[in-house]
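Asker:
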Amino acid sequence: VYKREGLAGFRIVLPDDLPPGIERHLPTPVKYGAWIDRLGLGRAVVIFGLVSAGAVALFMTAPEWLGPRVPASWERNLGEAMIGDFGNRLCSTPEGDAALAKLLTNVDPEHRQVRAGVANIDMVNAVALPGEQVMLFDGLVQEAETPEELAGVLGHEVGHVRERHVMTALLRQFGLTILLAGANSGMSDTLFGLAAMGYSRDAEREADEFARQRMAESRISPLGAATFFERLSAEEGSAQDDFTEMTGWIASHPAPRERAEAFRAAARGKTFRQVLSPEEFQAIKSMCANDPDVEEFEIF
């Protein structure tokens, strides 16, 4: 069946077996589509494969390229939206706030823009947020037995902030919608997305190295961090069915034994000072219990 351009309704139907000499005067039959027919099926398949591979490569590498280039104003707005999702679950007491600020200053004395807080969430975890913010969950604060253990975790999360890993990981976890829609999916979705958010191995190594360097400069013992990693790893191994353990800090940070050894190695041949007094450490641990206005996030 052939039509004629510019002549509506024109149609000619020819049999399959055309008389000799007529076929060469007719348009080439359409087999797969106009552009595929022009290129040929083989070339079209190759081009489609290359375009598909390029699209996959772009999707996989876009977070690494785009994350550090997100404007600081966008990142701050997104971070404030996420902090807003915590609502009245942020713990605050005068003594606890002062002690946490002191610990943060000891961990990262050169960069005063980073902020840290404690959320009343019974989960052994901590997260770095956009806009240079770190949130410790009360479950992790209670798990820490010394200020040095808490300093190791805080230093690691500050490392993610300082190395600008946060937006890269968020883009990998949530896609570009995190920039377009922001954190408006509710506390539960935001929390578990952040808790499960993974960084690349290189990013984890960089954050650990940042923590060790800053702790060495401030003469904070890295042995506390090593002990903390080892203890949580052992507890997770004996509680595989515990939901809070599986979403915990160690679950989202691989190879705890190797990391613990690296922190132990950083302590050899060095002397250290007390980073917080027992009273200051207790003030951080009791922030949520002593805040009369704080609400608790129910996991179930």
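Counting in the numbering used here, the sequence shown runs from 41 upward without gaps. Cβ coordinates follow ideal geometry from the N, Cα and C atoms, glycine included.
(1) May I ask you to report which of helix, strand or coil DSSP gives GLU173?
(2) Are the CB atoms of ALA196 and ALA209 nearer to each other than 9 Å?
(3) What is the residue span of the alpha helix (DSSP H) that ARG254 lies within?
(4) Under 8 Å by Cβ, that's how I've got GLU320 and ALA265 pegged, so tell me the actual separation to the nearest angstrom.
(5) I need the DSSP call for THR311, collapsed to helix, strand or coil.
(6) I'd like to know whether the C-beta of GLN314 is nearer than 9 Å to at least one C-beta of chain D.
(7) Using beta-carbon positions only, say whether GLU185 and PHE268 come within less than 9 Å of one another.
(8) For the alpha helix (DSSP H) that ALA329 lies in, which residues bound it at each end?
(9) Sort ARG212, ALA307 and GLU246 by Cα distance to ALA256 and report the nearest one.
(10) Put ASP282 into one of helix, strand or coil per three-state DSSP.
(11) Report the rounded CA-to-CA distance for LEU194 versus LEU176, giving the unit in angstroms.
(12) Can you tell me the Cα-Cα spacing of ARG152 and ASN330, whole angstroms?
(13) Going by the beta-carbon positions, is the gap between CYS328 and ASN128 smaller than 9 Å?
(14) Return the CA-CA distance between GLY119 and LEU143, expressed in angstroms with no decimal places.
(15) What number of angstroms, rounded off, separates the C-alpha of LEU98 from the C-alpha of ASN146?
(16) State the start and end residues of the unbroken alpha helix (DSSP H) segment that holds ALA191.
(17) Can you grab the Cα-Cα spacing for the pair VAL315 / ASP137, in whole Å?
(18) Measure the CB-CB distance between ASP148 and ARG254 and report whether it falls below 9 Å.
(19) Rounded to a whole number of angstroms, what is the C-alpha to C-alpha distance between MET342 and GLN322?
(20) Can you tell me which of the three DSSP states ALA48 falls into?
(21) What residues match up with ALA112 in a beta bridge as DSSP calls it?
(22) In terms of alpha-carbon separation, which member of ARG245, ARG204, GLY179 and PHE337 lies closest to LYS325?
(23) Please return the same chain residues whose Cβ sits closer than 6 Å to the Cβ of GLU336, not counting the five positions on each side in sequence.
(24) Measure from the alpha carbon of ALA168 to the alpha carbon of each residue in ARG202, GLU150, GLU135 and LEU190, then state which is nearest.
(25) Apart from the five residues on each side of it in sequence, which residues of its chain come closer than 7 Å, Cβ to Cβ, to GLU135?
(26) Confirm, please, whether the CB-CB distance from ALA156 to LEU140 is below 9 Å.
(27) Of the choices LEU130, SER317 and HIS205, whose alpha-carbon is the least far from that of ALA247?
Answerer: Concretely, from the data shown:
(1) If you number the sequence shown from 1, residue 173 lands on position 133. Checking the displayed sequence, the identity of residue 173 turns out to be Gln instead of Glu. Residue state, collapsed to three classes: strand.
(2) For the purposes of this step, residue 196 is taken as the residue at position 156 of the sequence shown. For the purposes of this step, residue 209 is taken as the residue at position 169 of the sequence shown. One point to set straight first is that residue 196 is His, not Ala, in the sequence displayed. No.
(3) Within the sequence shown, residue 254 is the residue found at index 214, counting from 1. Element bounds for ARG254: 241–257.
(4) By one-based count along the sequence shown, residue 320 stands at place 280. By one-based count along the sequence shown, residue 265 stands at place 225. About 18 Å separates the two Cβ atoms, so there is no contact after all.
(5) Indexing the sequence shown from 1 puts residue 311 at position 271. Coil at THR311, not helix or strand.
(6) This model lacks chain D altogether; it includes just one protein chain.
(7) Position 145 of the sequence shown holds residue 185. Position 228 of the sequence shown holds residue 268. Against a cut-off of 9 Å, the Cβ pair of PHE268 and GLU185 comes out as a contact.
(8) As a first step, residue 329 is located in the sequence shown; it is residue number 289 there, counting from the start. That run of the alpha helix (DSSP H) goes 327–330.
(9) One-based indexing of the sequence shown puts residue 256 at position 216. Among ARG212, ALA307 and GLU246, the Cα nearest to that of ALA256 is on ALA307.
(10) Against the sequence shown, residue 282 aligns to sequence position 242. Since pLDDT at ASP282 reaches only 49, below the 50 mark, its modelled position is unreliable, and the value read off the structure follows with that caveat. Correct three-state label for ASP282: coil.
(11) Residue numbering aside, residue 194 sits at position 154 when the sequence shown is read from its first letter. Residue numbering aside, residue 176 sits at position 136 when the sequence shown is read from its first letter. Roughly 8 Å separates the two Cα atoms.
(12) Counting from one through the sequence shown, the residue named residue 152 turns up at place 112. Counting from one through the sequence shown, the residue named residue 330 turns up at place 290. Approximately 27 Å, taken between the alpha carbons.
(13) Your numbering for residue 328 matches position 288 in the sequence shown. Your numbering for residue 128 matches position 88 in the sequence shown. No, the Cβ-Cβ distance between CYS328 and ASN128 is not below 9 Å.
(14) As a position in the sequence shown, residue 119 is number 79, starting the count at 1. As a position in the sequence shown, residue 143 is number 103, starting the count at 1. If I take the Cα positions, the gap works out to 22 Å.
(15) The count along the sequence shown starts at 1 and reaches residue 98 at position 58. The count along the sequence shown starts at 1 and reaches residue 146 at position 106. The predicted position of LEU98 is uncertain, since its pLDDT is 48 and thus under 50; a value taken from the coordinates is nonetheless stated next. For LEU98 and ASN146, the distance between alpha carbons rounds to 40 Å.
(16) Your numbering for residue 191 matches position 151 in the sequence shown. It spans 187–202 - the alpha helix (DSSP H) in which ALA191 sits, taken as one unbroken run.
(17) One-based indexing of the sequence shown puts residue 315 at position 275. One-based indexing of the sequence shown puts residue 137 at position 97. One C-alpha to the other measures close to 15 Å.
(18) The sequence position of residue 148 within the sequence shown is 108, counting from 1. The sequence position of residue 254 within the sequence shown is 214, counting from 1. Yes, the Cβ-Cβ distance between ASP148 and ARG254 is below 9 Å.
(19) Nothing in the structure corresponds to residue 342, since the chain is present only between 41 and 340.
(20) In the sequence shown, counting from the first residue as 1, residue 48 sits at position 8. The answer is coil: DSSP assigns ALA48 none of H, G, I, E or B.
(21) On the sequence shown, residue 112 is found 72 positions in, with the first residue counted as 1. Paired residues: none, contrary to the question.
(22) Counted from its first residue, the sequence shown places residue 325 at position 285. When only C-alpha atoms are compared, the closest one is GLY179.
(23) In the sequence shown, counting from the first residue as 1, residue 336 sits at position 296. Contacts found: ASN160.
(24) Against the sequence shown, residue 168 aligns to sequence position 128. Nearest of ARG202, GLU150, GLU135 and LEU190 to ALA168, Cα basis: ARG202.
(25) Residue 135 sits at position 95 when you count from the first residue of the sequence shown. The answer, listed in chain order, is ALA323.
(26) As a first step, residue 140 must be located in the sequence shown, where it is residue number 100. As a first step, residue 156 must be located in the sequence shown, where it is residue number 116. Yes, they are a contact pair.
(27) Stepping through the sequence shown from its first residue, residue 247 is reached at position 207. For the residues LEU130, SER317 and HIS205, the minimum Cα distance to ALA247 belongs to HIS205.
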